[in-house]
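Going by my numbering, the residue at position 211 of the sequence shown is 899; the numbering climbs one at a time, nothing skipped.
Just so you know, even glycine gets a beta-carbon here, dropped at the ideal spot from N, CA and C.
The structure under discussion appears below in the form of structure tokens.
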Amino acid sequence: MSGGVGTTCNDISLPNEEVQGHENSHPNPLKPVPNPANPSKTRFLTLRQLNCLAVMIITAASGMVSPEDLAFVFFSVIYMYLLLKVAFPRKIPPKDSLVFDPRNKILRLYVTIGAIIGLYFPVAYIFEGIFEGDKEGIKAAAPHVFLLASQVFMEGVAFSGRFSIPVRVYVPVFYNTRRIFTLVDWLRSEFSKVDHYYAGSARRLYVGRVLAVANMAFWCFNLFGFLLPVYLPKAFKMYYESKLPKKGIKMKGFPFVPYR
């Protein structure tokens, strides 16, 4: 979930549910063994994607998600395929690989923290708000949850092997940028409750504020401290280095050596 560093280490991905636990059993020679480094061998819809799809449907059907956010998701699908066809075609056979090793313990811890802060706690906050009658708190947190669930779902589609590395980069950067604006609205709503009638408890008031601030801090760092300066340059470098000859090419009479 991260930010999109892979099918097992992306913006909200926890450890890969597709990894088989019977490592000591004898493999069947007639059955192909899935390769975690090759996204084209994974299922199109994983259990994680189905869970996020359910969250998307529930929040959208509740009326707490604006038409602008629904249009944003629809536009992201169209633009993703447009990038694939026009700007960043996939190599055949695909030579792309994951930008980061999904077995990296630091990254796994990072995305686990992101999942807890960005999805699990806000979902629990929304459900508690239903019982306490905090309609404003629910309405403010729902767009972030909807967009984050949509991001995880679309990252799973992008990492299915049908898209090139730059298109995979586009998904977390695009969604993370949009969610910053929803988090600003969430923060404004939480800190303005003192000026209006508030139906929830005092404990919920402080929990909502802490949760909104924590999400703003985490996802701002994720965008400006990881995705843009680290993940994006590394992903584009991998894409163009695998596309250009190693010994360089000639363009209009002068040599050009790919960046190393």
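* According to the neighbour-count rule (16 or more other Cβ atoms, all chains shown, within 10 Å of its Cβ), is Ala756 buried or exposed? -> The question names Ala, but residue 756 in the sequence shown is Glu. Classification of Glu756: exposed, given that the 10 Å Cβ count is below 16.
* To do: For Pro790, name the three-state secondary structure that DSSP assigns.
  => Pro790: coil per DSSP, three-state reduction.
* Asked: Helix or strand or just coil, what does DSSP make of Asp757?
  -> Note: Asp757 maps to helix in three-state DSSP.
* Asked: Below 8 Å between beta carbons: does that hold for Ser838 and Tyr863?
  -> Contact flag set, yes.
* Asked: Roughly how far, in whole angstroms, is the beta-carbon of Arg892 from the beta-carbon of Glu816, given that I think they are within contact range, below 8 Å?
  -> Yes, Arg892 and Glu816 are in contact; Cβ-Cβ is about 7 Å, under 8 Å.
* Asked: For Leu836, which option in Asp822, Gly821, Ile804 has the closest C-alpha, if you only look at C-alpha atoms?
  -> For the residues Asp822, Gly821, Ile804, the minimum Cα distance to Leu836 belongs to Ile804.
* Can you tell me which of the three DSSP states Met752 falls into? => Judged by DSSP in its simplified three-state form, Met752 adopts coil rather than helix or strand.
* Asked: By the 10 Å Cβ neighbour count, where 16 or more other Cβ atoms means buried, how is Cys740 classified, buried or exposed?
  -> Within 10 angstroms of the beta-carbon of Cys740 lie 16 or more other beta-carbons, which makes it buried.
* Hey, Leu899 and Phe809 are a contact pair by Cβ (cut 8 Å); roughly how many whole angstroms apart? -> Sure, about 6 Å apart at Cβ, within 8 Å.
* To do: For the alpha helix (DSSP H) holding Val855, just list the boundary residues, first then last.
  => Its alpha helix (DSSP H) spans residues 853-879.
* **For Leu911 and Arg867, the rounded distance between their alpha carbons** => If I take the Cα positions, the gap works out to 10 Å.
* Relative to the alpha-carbon of Ser764, which residue among Met752, Thr865, Gly751, Ile826 has its alpha-carbon at the smallest distance? -> Ranking Met752, Thr865, Gly751, Ile826 by CA distance to the CA of Ser764 puts Thr865 first.
* To do: Return the residue from the list Leu733, Ala828, Gly844 that minimises the CA-CA distance to Val872.
  => Looking from the CA of Val872, the closest CA among Leu733, Ala828, Gly844 belongs to Ala828.
* To do: Look at the alpha carbon of Phe906 and the alpha carbon of Tyr798, and state the distance between them as a whole number of angstroms.
  => Each residue's alpha carbon lies about 10 Å from the other.
* To do: Compute the distance between the beta-carbons of Pro777 and Ser852, then report whether it is under 8 Å.
  => It is a contact, given that the beta carbons lie within the stated cut-off.
* Span separating the alpha-carbon of Arg850 from that of Phe841 -> Distance between the alpha carbons of Arg850 and Phe841 is about 14 Å.
* How about Tyr927 and Pro831: do their beta carbons lie closer than 8 Å? -> Not in contact: Tyr927 and Pro831 (Cβ atoms no closer than 8 Å).
* **Cutoff 7 Å; reference Met752; Cβ partners in own chain excluding five residues on either side** => So the qualifying residues of the chain are Ile826, Lys827, Ala830.
* Nearest to Leu771 (by Cα), restricted to the options Tyr919, Phe788, Ala846 -> For Leu771, the nearest C-alpha among the options comes from Ala846.
* Where Ser764 falls: helix, strand or coil (DSSP) -> Note: Ser764 maps to helix in three-state DSSP.
* Asked: Nearest-angstrom Cα distance between Glu929 and Phe914?
  -> In a straight line, the C-alpha of Glu929 is about 21 Å away from that of Phe914.
* Reduced DSSP secondary structure (H/G/I, E/B, other) of Thr800 -> In this structure, Thr800 counts as helix in the three-state DSSP scheme.
* How many angstroms separate the CA atom of Asn726 from the CA atom of Leu786? -> Annotation note: pLDDT 48 at Asn726 (below 50); position unreliable, coordinate value reported separately. The alpha-carbon atoms of Asn726 and Leu786 are separated by roughly 8 Å.
* Asked: In whole angstroms, what separates the C-alpha of Ala890 from that of Glu878?
  -> For Ala890 and Glu878, the distance between alpha carbons rounds to 12 Å.
* **Backbone CA spacing between Arg856 and Leu735 [nearest angstrom]** => Computed Cα separation, rounded: 20 Å.
* By DSSP, does His714 sit in helix, in strand, or in coil? -> The predicted model places His714 with a pLDDT of 44, which falls under 50 and marks its position as unreliable, so this point remains unresolved.
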